[in-house]
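Participant: In our numbering, the protein residues as written are -6 to 349.
1. Threshold first: 3 residues or longer. Then list the beta strand (DSSP E) segments lying entirely within the stretch 232 to 301, N to C.
2. Going by DSSP, what residues sit across from residue 178 in a beta bridge?
3. Quick one: residues in its chain with C-beta nearer than 6 Å to the C-beta of residue 107, no 5 flanking neighbours on either side, listed in chain order?
4. Excluding sequence positions up to five away, which residues of its chain have a Cβ less than 7 Å from the Cβ of residue -6?
5. Which one or two residues does DSSP pair with residue 306 in a beta bridge?
6. Sort out for me which residues DSSP pairs residue 83 with in a bridge.
7. State yes or no: is the C-beta of residue 226 within less than 8 Å of the C-beta of residue 209?
8. Are the Cβ atoms of residue 166 and residue 91 separated by less than 8 Å?
9. I need the DSSP call for residue 133, collapsed to helix, strand or coil.
10. Could you give the C-beta distance for residue 142 and residue 0, rounded to a whole number, given that I count them as a contact under 8 Å?
11. Is residue 163 buried or exposed, if buried means 16 or more other CB atoms sit within 10 Å of its CB?
12. Residues bridged to residue 113 by DSSP?
13. Below 8 Å on the Cβ atoms is my contact criterion, and I expect residue 308 with residue 255 to pass it. Report the Cβ-Cβ distance as a whole number of Å.
14. Are the Cβ atoms of residue 206 and residue 175 separated by less than 8 Å?
15. On the DSSP bridge assignment, give the partners of residue 35 in chain order.
16. From which residue to which residue does the alpha helix (DSSP H) around residue 345 run?
17. State the start and end residues of the unbroken alpha helix (DSSP H) segment that holds residue 193.
18. Going by DSSP, what residue range makes up the beta strand (DSSP E) through residue -5?
19. What are the residues that DSSP puts in a beta bridge with residue 394?
20. Leaving out five residues on either side along the sequence, give the residues of the same chain with a beta carbon under 6 Å from the beta carbon of residue 145.
21. Using DSSP with H/G/I as helix, E/B as strand and the rest coil, what is residue 371?
22. Does the distance from the C-beta atom of residue 192 to that of residue 306 stay below 8 Å?
23. On a Cα-Cα basis, can you pick out the residue from 253, 336, 284 that is closest to residue 269?
24. Starting from residue 221 and walking both ways along the alpha helix (DSSP H), at which residues does that stretch end?
25. Taking a contact to mean a Cβ-Cβ separation below 8 Å, would you say residue 5 touches residue 156 in this structure?
26. Counting only C-beta atoms, is residue 319 closer than 8 Å to chain B at any point?
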């Protein structure tokens, strides 16, 4: 059996793809080769997928995005569709598994035209345009949160939860030998330049009180990794990388006393699974404020505080960190009764096998 995976949340999708590969399925991956349009550095998605020895095929997909690279994105929409159609005819998959996002849209509709069954998964509490359109041609729609059900055809919806990496539960090596508390900064798989800039400004003060683990992204447009290494690379309690791979992430999470992060669905779900306190900085332009809603959910559970990006730019990060650190035990106590579904991967695979 051949299965094509595609979509915007590669960490979740890769958990399912790897399990199916181990079950003897032939997996193909349609995705982004580079971090951003116009970037020269390989994406975390490409590096993770190829590391698992899954064939990776770059799709030149575009999206309806008025502010950033409008004409380049617009041109890529028909290119992505015809490229997907050609590749699907060539590969002849038995199933397409989408994890949402604009890249999955041409693949899903190409599959529908060719009579290939499509399944899609929605990771967020709100729903993007791409997944709403994909749901019209999908056989099944898996959702992470019950609140997402109202956006899709009721007869297609299955509540599965979100597949998360088993490695996050495995404590690994300790990175620091001192007794300082540790903060993990991450801007998501691409990094976040605005967060990196804010961290660089306060890093000397932070390093006097904390150990810092910093995932700053690999984009060549800002070269934040090179800047971090040049300015702070010799500091013994500062660990910086462009991206932490799956086999490293358990050590990172378990080393951190708390996290400062964007509020993507996958990150928030992992924080909830680990009951890890966090300061969340939602992307202000995310679809329908999905990151803000993710952050509000975690805050409502008593595990997080929210720092708006406009406040971050005004220099509020150091104050927020100091206040959060003083109340850290309260957030840790709040986490004791928080549980989530950890069988999402098994449930999704069970439903996939019913289709093929």
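Quick reminder that beta carbons are idealized off the backbone N, C-alpha and C, glycines included.
Facilitator: The relevant details are as follows:
1. 251 to 254, 271 to 273, 297 to 299
2. Counting from 1 along the chain shown, the entry for residue 178 is found at position 185. Note: residue 178 sits in a beta bridge opposite 207, 253.
3. Within the chain shown, the letter at position 114 stands for residue 107. Within the same chain, residue 107 has close Cβ partners 81.
4. The count along the chain shown starts at 1 and reaches residue -6 at position 1. Result list for residue -6: 18, 19, 87, 349, in chain order.
5. Within the chain shown, residue 306 is the residue found at index 313, counting from 1. Answer is none; residue 306 lacks a bridge partner.
6. Working through the chain shown from its first residue, we reach residue 83 at position 90. Under DSSP, residue 83 shares a beta bridge with no residue.
7. What you label residue 226 is simply residue 233 of the chain shown in a count that begins at 1. What you label residue 209 is simply residue 216 of the chain shown in a count that begins at 1. In terms of Cβ geometry, residue 226 and residue 209 do not form a close pair [threshold 8 Å].
8. In the chain shown, residue 166 corresponds to position 173, counting from 1. In the chain shown, residue 91 corresponds to position 98, counting from 1. At a Cβ-Cβ threshold of 8 Å, residue 166 and residue 91 do not count as neighbours.
9. Here residue 133 refers to the residue found at position 140 of the chain shown. Strand.
10. On the chain shown, residue 142 is found 149 positions in, with the first residue counted as 1. On the chain shown, residue 0 is found 7 positions in, with the first residue counted as 1. With 8 Å as the limit, residue 142 and residue 0 do not qualify as a contact, their Cβ atoms being about 19 Å apart.
11. Here residue 163 is taken as the residue at index 170 of the chain shown, counted from 1. Residue 163 comes out exposed.
12. If you number the chain shown from 1, residue 113 lands on position 120. According to DSSP, residue 113 bridges with 91, 134.
13. Residue 308 sits at position 315 when you count from the first residue of the chain shown. Residue 255 sits at position 262 when you count from the first residue of the chain shown. No, residue 308 and residue 255 are not in contact; Cβ-Cβ is about 19 Å, not under 8 Å.
14. As a position in the chain shown, residue 206 is number 213, starting the count at 1. As a position in the chain shown, residue 175 is number 182, starting the count at 1. Yes, these two residues count as a Cβ contact at 8 Å.
15. Residue numbering aside, residue 35 sits at position 42 when the chain shown is read from its first letter. For residue 35, which the question treats as bridged, DSSP gives the partners 27.
16. On the chain shown, position 352 is the one that residue 345 refers to. Residues 337 to 348.
17. By one-based count along the chain shown, residue 193 stands at place 200. Residues 186 to 200.
18. As a working note, residue -5 is residue 2 in the chain shown. Taken as a continuous stretch (DSSP letters only), the beta strand (DSSP E) holding residue -5 covers -5 to 0.
19. Not covered by the structure: residue 394. The range shown for the chain is -6 to 349.
20. For this step, residue 145 is matched to residue 152 along the chain shown. For residue 145, where only same-chain residues beyond five positions count, the Cβ hits under 6 Å are 128, 134.
21. Outside the shown range of the chain, which is -6 to 349, sits residue 371, and nothing can be said about it.
22. As a working note, residue 192 is residue 199 in the chain shown. As a working note, residue 306 is residue 313 in the chain shown. It is not a contact, given that the beta carbons lie outside the stated cut-off.
23. As a first step, residue 269 is located in the chain shown; it is residue number 276 there, counting from the start. Among 253, 336, 284, the Cα nearest to that of residue 269 is on 253.
24. Indexing the chain shown from 1 puts residue 221 at position 228. That run of the alpha helix (DSSP H) goes 217 to 225.
25. For the purposes of this step, residue 5 is taken as the residue at position 12 of the chain shown. For the purposes of this step, residue 156 is taken as the residue at position 163 of the chain shown. Yes, Cβ-Cβ distance for residue 5 and residue 156 is below 8 Å.
26. The chain labelled as chain B is not found in the depicted structure, where only one protein chain is given.
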